[in-house]
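Residue numbers (the UniProt record's numbering): 1 to 313.
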């Protein structure tokens with residue numbers, strides 16, 4: 001006969017007490033977490049991080065890809081031998097008569113002032129405006145450049161480099177999108193151009209242009225001639241197509257309220273929702289051209305802000 005197990009009367013009471021105790025602890029912890037979260041939310045609302053608006057001018061830039069044209073003279077080896085470049089392979093500015101190379105000790109001099117480089121690309125004398133301007137096809141790519149080495153053996157009458165003559169105006173031929181203020185610039189025969197987005201703008205003279213639908217084919221005189229500019233016949237410039245002035249705020253300050261885009265502006269000890277207009281300008285910034293002015297402050301985290309009293313310090 002199998003003996004029956006008997007549960008002690010206090011065991012059920014102990015198990016129930018453990019459940020009640022565990023539930024109570026969980027409720028206390030959950031309540032503490034909720035209270036702490038509510039406190040932190042209230043603290044953030046009452047003590048938000050703010051940022052002062054910054055005056056800003058944003059310029060819209062449009063890339064201009066084109067090919068460069070210049071006047072140049074090819075230099076050749078006076079005879080077969082080893083070539084040396086006493087002024088380096090360049091590109092380097094040289095005076096007229098400067099010794100830019102020697103072949104077996106025989107000097108090769110610059111025929112005029114200019115920029116010397118120990119390189120050719122095979123298009124010398126054949127890369128000209130009358131051949132490139134006609135038609136609406138895409139322009140040919142810049143030819144690859146072949147550089148000569150110091151100590152290299154050359155045959156007689158073989159090219160050993162060239163001189164881009166100075167003074168002269170480097171010209172660009174390319175296609176440009178007709179957006180922003182560019183059509184007006186073409187009419188005025190002047191475009192503000194940059195070597196790169198962070199460069200300062202310089203004015204280029206529009207010699208010839210022809211509008212072709214949404215873009216224009218143009219022949220542009222550049223305001224600079226520097227050694228690095230003549231390394232290749234291809235180039236990409238930036239053309240200014242308009243500008244917007246206003247104040248910059250952190251992009252995180254933007255929020256939407258009742259279908260309106262705006263920020264929470266801090267005025268005195270009050271946060272007030274302020275509708276704004278503008279556009280993103282990169283780098284985590286938003287340019288406001290309507291709704292804020294210099295001297296205003298905004299709450300950095302607009303999505304978590306509210307109207308009402310705030311403590312700034």
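Note that beta-carbon positions come from the ideal geometry of N, C-alpha and C, so glycine has one too.
- The three-state secondary structure of residue 133, taken from DSSP, is coil.
- Here the segment 91 to 111 does not lie against the segment 253 to 270, with fewer than 3 beta-carbon pairs under 8 Å apart.
- Around residue 280, the same chain offers 251 and 286 as residues with beta carbons nearer than 7 Å, after the five sequence neighbours per side are excluded.
- Pairing residue 163 with residue 75 gives a Cβ-Cβ distance under 8 Å.
- When rounded, the separation of the alpha-carbon atoms in residue 239 and residue 197 is 9 Å.
- According to DSSP, residue 205 shares a beta bridge with 190 and 221.
- As far as DSSP is concerned, residue 100 takes part in no beta bridge.
- When the beta-carbon positions are compared, residue 143 and residue 123 come within less than 8 Å of each other.
- Secondary structure at residue 240: strand, using DSSP grouped into helix, strand and coil.
- Between residue 145 and residue 177, the CB-CB gap reaches or exceeds 8 Å.
- Annotation: residue 54 to residue 25 spans about 51 Å, alpha carbon to alpha carbon.
- An exposed status is given to residue 294, since fewer than 16 other beta-carbon atoms sit within 10 Å of its beta-carbon.
- The segment 165 to 175 makes contact with the segment 67 to 74: 3 or more CB pairs, one atom from each, lie closer than 8 Å.
- By alpha-carbon distance to residue 218, the top candidate from 183, 308 and 249 is 183.
- Nearest to residue 299 by C-alpha distance, out of 135, 263, 33 and 185, is 263.
- Excluding the 5 residues flanking it on each side, residue 225 has same chain C-beta neighbours closer than 6 Å at 170, in chain order.
- Apart from sequence neighbours up to five positions away, the residues of its chain that approach residue 209 with a beta-carbon distance below 6 Å are 186, 216 and 218, ordered along the chain.
- Using a Cβ distance threshold of 8 Å, residue 80 and residue 201 do not count as a contacting pair.
- According to DSSP, residue pairing for residue 70 in a beta bridge does not occur.
- Residue pairing by DSSP places residue 216 opposite 176 and 211 in a beta bridge.
- Secondary structure at residue 170: coil, using DSSP grouped into helix, strand and coil.
- Secondary structure of residue 251 (DSSP, three-state): helix.
- If you draw a straight line from the Cα of residue 49 to the Cα of residue 267, it comes to about 14 Å.
- Excluding five sequence positions before and after residue 158, the CB atoms of its chain that fall closer than 7 Å to its own CB belong to 76 and 77, given in chain order.
- Secondary structure note for residue 160: its beta strand (DSSP E) is the uninterrupted segment 159 to 165.
- The DSSP-derived three-state label of residue 287 is strand.
- For residue 174 against residue 64, the beta-carbon gap comes to about 6 Å, under 8 Å, which counts as contact.
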